[in-house]
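Report on the structure given below.
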Amino acid sequence: MRIGFVLIGNSQKLNTLSKIAERKLVKDGHTVKYFSMENAEKICVEKHIVFFFDSGKSFIQCESLALLEKFLKSKGDILTRYASLFATHKLFGMKTFLKALTLLENYGFVLQDTDIIKSSHEMNSVIQNFTPAES
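Just so we're aligned, residue 571 is where the sequence shown starts under my numbering, counting upward by one.
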């Protein structure tokens with residue numbers, strides 16, 4: 571199955587989490603493709619999209635929410651129905667995480683797996699039980 575990865579935010583932790591997930595999914599026979607705002611390519615043949623989201627800094631307005639909305643608007647109509655959201659753990663990041671979930675649901679995604687990830691060890695255990703849903 572073709573799976574799209576979208577990194578919202580620019581941190582080393584997001585890159586590490588996405589690489590852990592990519593290794594497991596490729597090992598299971600899936601094809602992973604990364605999408606970004608700089609890439610004008612539409613998301614149309616991917617069966618599942620996995621969003622990796624930076625929860626931002628505590629007590630500061632999170633710019634990742636604006637980036638997520640900008641990404642979704644820039645891609646136009648996304649035909650993929652199923653998505654997952656994995657966010658980095660930050661102090662007071664739950665509110666931002668919940669807003670990101672609401673935003674994705676408002677764009678028509680059915681969220682399969684969502685989690686706040688504290689470490690790469692936790693990502694390993696979460697991704698072991700992850701089976702992407704197919705549109």
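Ideal placement from N, C-alpha and C gives every residue a C-beta, glycine not left out.
A Cβ-Cβ distance of about 5 angstroms is found for the pair F622 and F656, placing them in contact under the 8 angstroms criterion. In the three-state reduction of the DSSP assignment, L649 falls in the coil class.
Under the 8 angstroms Cβ criterion, the region 665-685 counts as touching the region 636-651, having at least three qualifying pairs. Secondary structure note for F575: its beta strand (DSSP E) is the uninterrupted segment 572-578.
Counting C-beta pairs with one atom in each stretch, the region 657-673 and the region 610-619 have fewer than three that are closer than 8 angstroms, which means they do not touch. Under the three-state reduction of DSSP output, F700 falls in the coil class, being neither helix nor strand. Relative to the Cα of N580, the nearest Cα in the group M607, H600, S690 belongs to M607.
Between the beta-carbon of I590 and that of I686 there is about 15 angstroms, and that puts the pair past the 8 angstroms contact cut. Annotation for K594: no beta strand (DSSP E) segment contains it, though the alpha helix (DSSP H) segment containing it runs 582-597.
For V596, the number of other beta carbons within 10 angstroms of its own is below 16, and it is reported as exposed. DSSP places F641 in the uninterrupted alpha helix (DSSP H) bounded by 633-644.
Counted as a single uninterrupted DSSP element, the beta strand (DSSP E) harbouring F621 occupies residues 618-623. Taking the C-beta atoms as reference points, S625 is found no nearer than 8 angstroms to G599.
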